[in-house]
Each structure stands twice: as structure tokens, then as C-alpha cells.
Amino acid sequence: MKAIAVLPGKAGSIHLKEVPKPSTQEIPNGRGVLVKVLQVGVDGTDKEINAAEYGQAPPGQDYLILGHESFGRVEAVGPNVTELRPGDYVAATVRRPGSSIYDQIGTYDMTTDDTYFERGINLRHGFLTEYYVDEPEYIVKVPQGLQHVGVLMEPTSVAEKGIVQAYEIQRRLKVWKPRRAAVLGTGPLGLIATMLLRLRGLAVVALGRTRPPYLNAELLEKIGARYVSTQDVTLTKASAEYGPFDLILEGTGFSPLVFEAMEVLAKNGVLVMVSVTGGDRKVEIPADKINLGFVLGNKVAVGSVNANREYFELGAKDLSQAELEYPGWLSQLLTHPVNGLENYKEMMRLLTEEKNAIKVFVLVAKD
Ligand code: BGC
Ligand code: ZN
Numbered sequence: 001m002k003a004i005a006v007l008p009g010k011a012g013s014i015h016l017k018e019v020p021k022p023s024t025q026e027i028p029n030g031r032g033v034l035v036k037v038l039q040v041g042v043d044g045t046d047k048e049i050n051a052a053e054y055g056q057a058p059p060g061q062d063y064l065i066l067g068h069e070s071f072g073r074v075e076a077v078g079p080n081v082t083e084l085r086p087g088d089y090v091a092a093t094v095r096r097p098g099s100s101i102y103d104q105i106g107t108y109d110m111t112t113d114d115t116y117f118e119r120g121i122n123l124r125h126g127f128l129t130e131y132y133v134d135e136p137e138y139i140v141k142v143p144q145g146l147q148h149v150g151v152l153m154e155p156t157s158v159a160e161k162g163i164v165q166a167y168e169i170q171r172r173l174k175v176w177k178p179r180r181a182a183v184l185g186t187g188p189l190g191l192i193a194t195m196l197l198r199l200r201g202l203a204v205v206a207l208g209r210t211r212p213p214y215l216n217a218e219l220l221e222k223i224g225a226r227y228v229s230t231q232d233v234t235l236t237k238a239s240a241e242y243g244p245f246d247l248i249l250e251g252t253g254f255s256p257l258v259f260e261a262m263e264v265l266a267k268n269g270v271l272v273m274v275s276v277t278g279g280d281r282k283v284e285i286p287a288d289k290i291n292l293g294f295v296l297g298n299k300v301a302v303g304s305v306n307a308n309r310e311y312f313e314l315g316a317k318d319l320s321q322a323e324l325e326y327p328g329w330l331s332q333l334l335t336h337p338v339n340g341l342e343n344y345k346e347m348m349r350l351l352t353e354e355k356n357a358i359k360v361f362v363l364v365a366k367d
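1 is the number of the first residue of the sequence shown in our numbering; add one for each residue after it.
Encoded structure:
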């Protein structure tokens, strides 16, 4: 079968590769689930892997199959699989457990190991191929009625985890009633996070670079959020006007913004950082002022990476809720389909050059 692969460490090595089709027997104890891949979303991480800035091949191999945002349909299950049936729509989680105690209890997204295993990213093959096999523990059912937007499950899980972290931490306050949130970054993650916060009833200001007219801004306004271009209004100004923000989610990839967010965060507020920043940027910050504000305001800053099964399941529920609350909205994020694995060059081109793309995704197979 076909797969889109890279040679990790070799920039621009993306290519189409012939790989063996997996079978349920590869998984011990009759627990294999064979999934036919239908659609796979791509993002900045895939771009970085192809640029050789990130990612490793599975041990003993020189190539890595790309793709971590999967949506598919169960084709066959081993004799001891009771959780899933052929025909079910599914999305797979990305991380696989290492050895820390967090890994052992299913919270592999909280691993303290130095090495982590992520399908399509690090040491494990991904989903940009025709079929994959895995254990049911890592495969989450997607409701039938979400089949047109099931490819959004993985980015949704990442946003869910970030937001749930904030609420979990704030249980310390006995009553936390966040009213205003700021979402920094208006790509797929920012859009989905804003939607999730709107479902929870918060007033949301989303900040992005682009000046309107801007499709992402229109989509944000459709769900009752306010869009602000950072070319016109800084975060500090936005906070003075629409804040203070009880929750700030930083997802721009521009790390200096984290410190501005720390400054403007409301008392008892939480800052959630979700950007994976591979660079080595240095900035000067008002350290005393930020520290003082954190101490006197009992503020929290938390980092959040990846997501485990719990957040995929929550994601499936919230995507369903979103379809009821904002009918048709999610589909509008799926702006740039690519037809077939063999069009991987077009996939990369859209990912790197298409400024109007919200979500680029590969239509691997028809249902
Ligand atoms: C993925 C996450 C992953 C992170 C770091 C992101 O693009 O969506 O699942 O944990 O990259 O590798
Ligand atoms: Zn990703």
C-alpha cells in the first residue's frame, strides 16, 4: 500500500513509499484493530518534520510515515476486541506510552520520560497511508453524524486538553467563574479553542495577525467571538478594552507573547501555553512586574502538550455539540482538501504557501 514518508534528518525528503499492509495479527492477544484511513489533516508539525527540524524514524528504519490527524473507518478487529466493530468511524490518539507512572495510567500526554513516542511525529509511523493497525485503547469512536468533520478530532483534542487543564487547576478556587478569555492565534487550534470556550459560555477575544477581511475572523464572529488584528491592537490594549482575561490560551508560536500574556492576565487567571516553539529566541521582559502580578494576583501559567484518550472523547462530544449550536461551522474550517496520497507535493505546497488555508487535509480514500 501507499504511504507518505520522510527521511528524518534530511530536509525536503517527502516522498511516496510502498509499504506492507498491516494486519490485526500484529497486535498481541487478539486485540488488533485494522483501520482504513479516510482523511488525514496536516499542520505545522508535518512541515517541520519535512524540514528536518523535528521527528525521528521508528527504531531500525530510515523512514517515517507522516500524519497524526487521522480519521478512518474500522475494517477488521481481532477476536478479543469488544470496544469497536467494523464500520465504526474512528480517530486515533497520537502518543503511545513510555515508562513513567503517567504513561502507565493512560495519561501518556503527561509523561516525564525524556523520549516520547508519537505516531507520525516521533519514533512511530503515522497515518498518511491506506491502513493502520493499533490497539483499541488508542482508537476513539467518532459519531456517525460527525463523519464530515471527523478529521478535526486530533486538533480538537489538543485544544480540549489545554482548556481542561485550566478548569482542573482552578478547582483550587472553589468557585471559578471565568467570564472572559483571550485566544492568541487564529489557525485551526485557535478557532477550535475559541469554539470550545464559546460552548462553555465565555466571551472570547481572538487575536491574529491578519487584518480583515479575513475568513478566520468571519468564522470567529459567526460563533459570537470578537476578532482583533495585532497589527492594530496589542494584547495589552485588547485587555484594557475587553479584559481582564480570566483565561488566556497562547497558540501563536511567537513565544514573547507569553510574557505579555502573563502581564495582562486577570487576578486568579490561568495562562495556557500550547505552542511547540523549536527556536532559540531571546527577549527582555519586565521580570519584577510579571512576578509581582503573579504573586499578588495568585495567577497560574501552565504548559499543555498533546492529548490522551479522555480529551479525544470529550472532543467527540463537543464537536457534536458544536454541530448543534453552530450548524455547518466546523466544515468551513476544512478549506483545502488534497485528492489522494500521491498528491503529497500539492499537500506540502498548500501547507507552506497557501495563506488562505485553514485546514489542509488529504482525502486518502472514499468512504
Ligand atoms: C501535535 C501533538 C504533538 C505535538 C508535539 C502537534 O502538532 O498535534 O499531538 O504532541 O505536535 O509533537
Ligand atoms: Zn498537530
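Beta carbons are placed, not taken as given, at the ideal position from N, Cα and C, and that holds for glycine.
Just so you know, these numbers come straight off a predicted model, no measurement behind them.
Cβ neighbour criterion (16 or more within 10 Å) applied to Val295
Sequence index remark: in the sequence shown, residue 295 carries index 295 (1-based). Looking at its Cβ environment, which holds fewer than 16 other Cβ atoms inside 10 Å, Val295 is exposed.
Compute the beta-carbon to beta-carbon distance between Tyr132 and Val35, rounded to the nearest angstrom, for a pair I have assumed lies under 8 angstroms.
As a working note, residue 132 is residue 132 in the sequence shown. As a working note, residue 35 is residue 35 in the sequence shown. About 5 angstroms; that satisfies the 8 angstroms criterion.
Using the C-alpha atoms, what's the distance from Val6 back to His15?
Walking along the sequence shown from the start, residue 15 turns up at place 15. Walking along the sequence shown from the start, residue 6 turns up at place 6. Those two C-alpha atoms are separated by around 6 angstroms.
Using only Cβ atoms and a threshold of 5 angstroms, which residues come within that distance of a heavy atom of the ligand ZN? Order them by chain position.
Asp43 and Thr45
Compare the beta carbon distance of Val270 and Ile248 with 9 angstroms and say whether it is the shorter of the two.
Position 270 of the sequence shown, counted from the start, is the residue given in the question as residue 270. Position 248 of the sequence shown, counted from the start, is the residue given in the question as residue 248. Result yes, Cβ atoms of Val270 and Ile248 sit closer than 9 angstroms.
Rounded straight-line distance, which links the Cα of Arg179 to that of Asn29:
Here residue 29 refers to the residue found at position 29 of the sequence shown. Here residue 179 refers to the residue found at position 179 of the sequence shown. For Asn29 and Arg179, the distance between alpha carbons rounds to 49 angstroms.
Leaving out five residues before and five after Glu18 in sequence, what residues of the same chain have Cβ atoms less than 7 angstroms from its Cβ?
Here the question's residue 18 lines up with position 18 in the sequence shown. Only Lys2 meet the Cβ criterion.
Residues in its own chain within less than 7 angstroms of Ala159 by CB, not counting five upstream and five downstream?
Here residue 159 refers to the residue found at position 159 when the sequence shown is read from its first residue. Once the five neighbours on either side are set aside, the close Cβ partners of Ala159 are Leu189, Ile192, Ala193 and Leu196.
Leaving aside the five residues before and after Arg309 along the sequence, list all residues of the same chain whose C-beta is less than 8 angstroms from its C-beta, in chain order.
Here residue 309 refers to the residue found at position 309 of the sequence shown. Thr93, Gly106, Glu137, Tyr138 and Val140, listed in sequence order.
With 16 other Cβ atoms within 10 Å as the buried cut-off, status of Gly67
In the sequence shown, counting from the first residue as 1, residue 67 sits at position 67. With 16 or more other Cβ atoms within 10 Å, it is buried.
Below 6 angstroms CB to CB, which residues in the same chain sit around Arg123 once its five sequence neighbours on both sides are set aside?
Position 123 of the sequence shown, counting from 1, holds the residue named residue 123. The question names Arg, but residue 123 is Leu in the sequence shown. Cβ neighbours of Leu123 beyond the five flanking positions: Gln56, Pro58 and Phe117.
Beta-carbon contacts of Tyr326 that lie in its chain and below 6 angstroms, excluding the five residues immediately before and after:
Here residue 326 refers to the residue found at position 326 when the sequence shown is read from its first residue. Correct list, in chain order: Ile223.
Comparing alpha-carbon positions, which option in Lys10, Tyr214, Gly303 and Glu263 lies nearest Gly253?
The count along the sequence shown starts at 1 and reaches residue 253 at position 253. Taking only the C-alpha atoms, the option nearest Gly253 is Gly303.
Return the residue from the list Ala52, Lys299, Gly187 and Arg198 that minimises the CA-CA distance to Ile358.
For the purposes of this step, residue 358 is taken as the residue at position 358 of the sequence shown. Residue Gly187 is the option with its Cα nearest to Ile358.
Using the rule of at least 16 other Cβ atoms within 10 Å of the residue's Cβ for burial, across every protein chain shown, is Ala287 buried or exposed?
Taking the first residue of the sequence shown as position 1, residue 287 is located at position 287. Classification of Ala287: exposed, given that the 10 Å Cβ count is below 16.
Quick one: measure Cβ to Cβ for Val276 and Gly243, integer angstroms, because I've assumed they're closer than 8 angstroms.
The count along the sequence shown starts at 1 and reaches residue 276 at position 276. The count along the sequence shown starts at 1 and reaches residue 243 at position 243. Actually they do not touch by this definition, with Cβ atoms about 26 angstroms apart.
Of the residues Gly150, Asp134, Gln144 and Pro213, which one's Cα is nearest the Cα of Ile27?
Counted from its first residue, the sequence shown places residue 27 at position 27. It is Asp134.
Using the DSSP secondary-structure output, state which residues sit across from Lys36 in a beta bridge.
Looking up residue 36 in the sequence shown gives position 36. BP columns for Lys36 point to Arg73 and Tyr131.
Hey, quick one: how far does the beta strand (DSSP E) through Thr247 stretch, first residue to last?
Along the sequence shown, one-based indexing puts residue 247 at 247. Note that residue 247 is Leu in the sequence shown, not Thr. Phe245 to Glu250 is the span of the beta strand (DSSP E), which, as asked, contains Leu247.
Is it buried or exposed for Asn50, if we count other Cβ within 10 angstroms and need 16 for buried?
Taking the first residue of the sequence shown as position 1, residue 50 is located at position 50. Buried, by the Cβ-count rule.
Let me check understanding here. Comparing Cα to Cα, which of Arg209, Gly279 and Glu250 lies closest to Val272?
One-based indexing of the sequence shown puts residue 272 at position 272. Out of Arg209, Gly279 and Glu250, Glu250 has the C-alpha closest to the C-alpha of Val272.
For Gln61, which residues from the same chain have a beta carbon less than 7 angstroms from its beta carbon, with the 5 sequence-adjacent residues on both sides left out?
Translated into the one-based positions of the sequence shown, residue 61 becomes position 61. Contacts found: none.
Beta-carbon within less than 6 angstroms of Leu334's beta-carbon, same chain only, minus the 5 sequence neighbours each way: which residues are those?
Residue 334 sits at position 334 when you count from the first residue of the sequence shown. Hits under 6 angstroms: Lys359.
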